[in-house]
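**Student:** Numbering-wise, the sequence shown is residues 1 to 309 according to full-length UniProt numbering. Cβ atoms here follow ideal geometry from the backbone N, Cα and C, with glycine treated the same way.
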Amino acid sequence: MWILLFRRNNLEPRVHIKRTNPQQYLSYESCHPPHTKRSIPRSLSVRGNRICGDRTDRAAFNNSLHQRLRERGYPPRVLQRRIVPAHVDHHPPQQRRSPDRVYLTTLYFPGVHRVHRLMKDLHPILMNNAQTREIFAMQPGISYRRPNNVGNILSRREGRVTSDAPGERGLHPCNRRRCQSCGLVLEDDTFSSPHNPNLYSVVGSANCTSTNCVYELLCRHCEGFYVGKATTPLHLRINNHRASVRLNSELPAGRHAFEAHQASFNDCYQVRILKCLPPSTPDPKVVESEDAHIWVLGANRPPGLNTYT
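Next up, the structure:
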């Protein structure tokens with residue numbers, strides 16, 4: 001935090017650190033990418049440089065910062081190079097990323113700090129090949145992005161299908177003459193789970209011919225439910241479930257209908273949609289959405305029918 005002091009008939013800003021602030025900055029021994037650890041002394045010193053108007057205050061803040069970071073294992077050489085001195089007026093750096101340089105984008109993983117050294121050591125191999133010499137004239141750079149978490153999968157804007165009219169959300173019959181799935185459709189625009197009291201809204205609108213859907217099978221005779229995905233038209237996926245009941249296969253939905261209720265698929269289940277993704281959505285994204293709904297609804301524990309994989 002920063003405060004204003006009245007000194008020498010002037011208001012002067014200064015960095016103030018509460019006594020309750022432990023200043024537990026990221027340890028230098030962590031497995032975070034090197035640029036993340038190098039940016040900490042730089043960004044904190046820049047912040048102090050911008051807040052403190054007096055050089056004496058800047059120097060005091062930098063000395064305190066240097067001491068705290070040394071306690072967290074930062075080498076003196078790194079601190080000397082990355083902390084902005086008190087007598088230097090900081091200016092935002094210019095864009096140095098070359099448009100001709102090829103960048104490798106990777107997620108965070110233990111050992112990611114060794115990727116840069118690996119790229120540097122292997123770059124001569126690319127330079128010895130006539131085809132790759134022109135593409136990788138410069139050593140490839142490395143950029144990082146954060147991996148998806150459950151929150152991103154369920155609420156990200158990318159790939160979300162919305163409807164202007166709330167009544168249009170959900171699954172609707174296709175009304176084709178020979179469709180066997182229309183009679184199983186539940187036209188709900190919300191869904192819930194027996195494991196929690198929450199009520200969730202269906203995302204998108206679909207019918208029996210839609211693809212890239214996350215759907216739910218609801219047992220008519222008990223609380224059993226199954227969450228699945230359909231990257232092919234939904235009615236074809238339902239036909240697969242119908243065949244699993246008829247053939248008494250080991251698939252969970254078919255086994256439940258045959259063993260628990262001795263009923264056909266049509267007599268045992270109803271189907272509703274949970275989320276419909278755009279047709280261009282790649283299959284791994286559909287799988288991610290299915291896994292997220294299984295986890296949120298608790299479909300992999302009773303009365304859910306999804307088995308652990």
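In or out: N306 buried (at least 16 other Cβ within 10 Å) or exposed?
**Tutor:** buried
**Student:** Got a sec, what are the start and stop residues for the alpha helix (DSSP H) L236 sits in?
**Tutor:** 234 to 246
**Student:** State the Cα-Cα distance for the pair L44 and H66, rounded to the nearest angstrom.
**Tutor:** 10 Å
**Student:** With DSSP collapsed to three states, give me the class of P302.
**Tutor:** coil
**Student:** Given this structure, state the Cα-to-Cα distance separating L247 from V150, to the nearest angstrom.
**Tutor:** 36 Å
**Student:** Our contact map puts H32 next to L26 with C-beta atoms below 8 Å; I'd like the distance itself, whole angstroms only.
**Tutor:** Yes, they are in contact, since the Cβ atoms of H32 and L26 sit about 7 Å apart, within 8 Å.
**Student:** Cutting at 7 Å between CB atoms, please list the residues of its own chain near L199, excluding the five before and the five after it.
**Tutor:** T190, S192
**Student:** Is I294 buried or exposed, if buried means 16 or more other CB atoms sit within 10 Å of its CB?
**Tutor:** buried
**Student:** Thinking C-beta only, is P233 closer than 7 Å to T209?
**Tutor:** yes
**Student:** Quick one, are the C-beta atoms of K275 and V203 less than 7 Å apart?
**Tutor:** yes
**Student:** Are D283 and T211 close, meaning C-beta to C-beta below 7 Å?
**Tutor:** no
**Student:** Just list the residues that DSSP pairs S192 with in beta bridges.
**Tutor:** Paired residues: L199.
**Student:** Could you tell me which uninterrupted alpha helix (DSSP H) segments, each at least 4 residues in length, are contained entirely in the UniProt domain "Helix-turn-helix" (24 to 83), listed from first to last along the chain?
**Tutor:** If we require 4 residues or more, the alpha helix (DSSP H) runs fully inside the UniProt domain "Helix-turn-helix" (24 to 83) come out as 34 to 51, 55 to 71, 76 to 82.
**Student:** Counting Cβ pairs, one atom from each stretch, are 3 or more of them under 8 Å apart for the segment 112 to 120 and the segment 69 to 77?
**Tutor:** no
**Student:** Which stretch, first to last residue, makes up the alpha helix (DSSP H) that contains L126?
**Tutor:** 115 to 127
**Student:** Hey, how far is the Cα of G304 from the Cα of L186?
**Tutor:** Going from the Cα of G304 to the Cα of L186 covers about 18 Å.
**Student:** So what does DSSP say about H293, is it helix, strand or coil?
**Tutor:** helix
**Student:** Spell out a yes or no on whether the segment 46 to 61 and the segment 130 to 141 are touching, meaning 3 or more CB-CB pairs, one atom from each, closer than 8 Å.
**Tutor:** no
**Student:** For C222, count neighbouring Cβ atoms within 10 angstroms of its own Cβ and tell me buried if that reaches 16, exposed if not.
**Tutor:** It counts as exposed.
**Student:** By how many angstroms is the C-alpha of C219 removed from the C-alpha of P110?
**Tutor:** 44 Å
**Student:** Which residues in the same chain have their Cβ closer than 6 Å to the Cβ of residue 320, if we skip the five residues on either side of it in sequence?
**Tutor:** Beyond the ends of the chain as shown, which are 1 and 309, falls residue 320; an answer cannot be given.
**Student:** Near S155, which residues of its chain fall below 8 Å by C-beta distance, leaving aside the five closest residues on each side in sequence?
**Tutor:** none
**Student:** Taking 7 Å as the limit between beta carbons, can you name the residues of its chain near P279, skipping five residues before and five after?
**Tutor:** T211, N212
**Student:** With distances taken Cα to Cα, identify the nearest neighbour of D267 among K229, R68, N129, L184.
**Tutor:** L184
**Student:** Less than 7 Å between the C-beta atoms of L104 and P147, yes or no?
**Tutor:** No, the Cβ-Cβ distance between L104 and P147 is not below 7 Å.
**Student:** Determine whether the beta carbon atoms of E290 and I153 lie at a separation below 7 Å.
**Tutor:** no
**Student:** Under 8 Å by Cβ, that's how I've got Y226 and P197 pegged, so tell me the actual separation to the nearest angstrom.
**Tutor:** Incorrect: roughly 21 Å between the Cβ atoms, too far for contact.
**Student:** Could you give the first and the last residue of the continuous beta strand (DSSP E) run that contains V227?
**Tutor:** 225 to 230
**Student:** Label G243 either buried or exposed according to how many other C-beta atoms from any shown protein chain fall within 10 Å of its C-beta, with 16 as the threshold for buried.
**Tutor:** Here the sequence assigns Ala to residue 243, which means Gly is not the residue at that position. That one is exposed.
**Student:** I need the straight-line Cα distance from F258 to V214, nearest angstrom please.
**Tutor:** Taking the straight line joining both Cα atoms gives about 24 Å.
**Student:** For Q180, tell me which candidate among R42, P140, I238, A130 has the shortest Cα-Cα distance.
**Tutor:** I238
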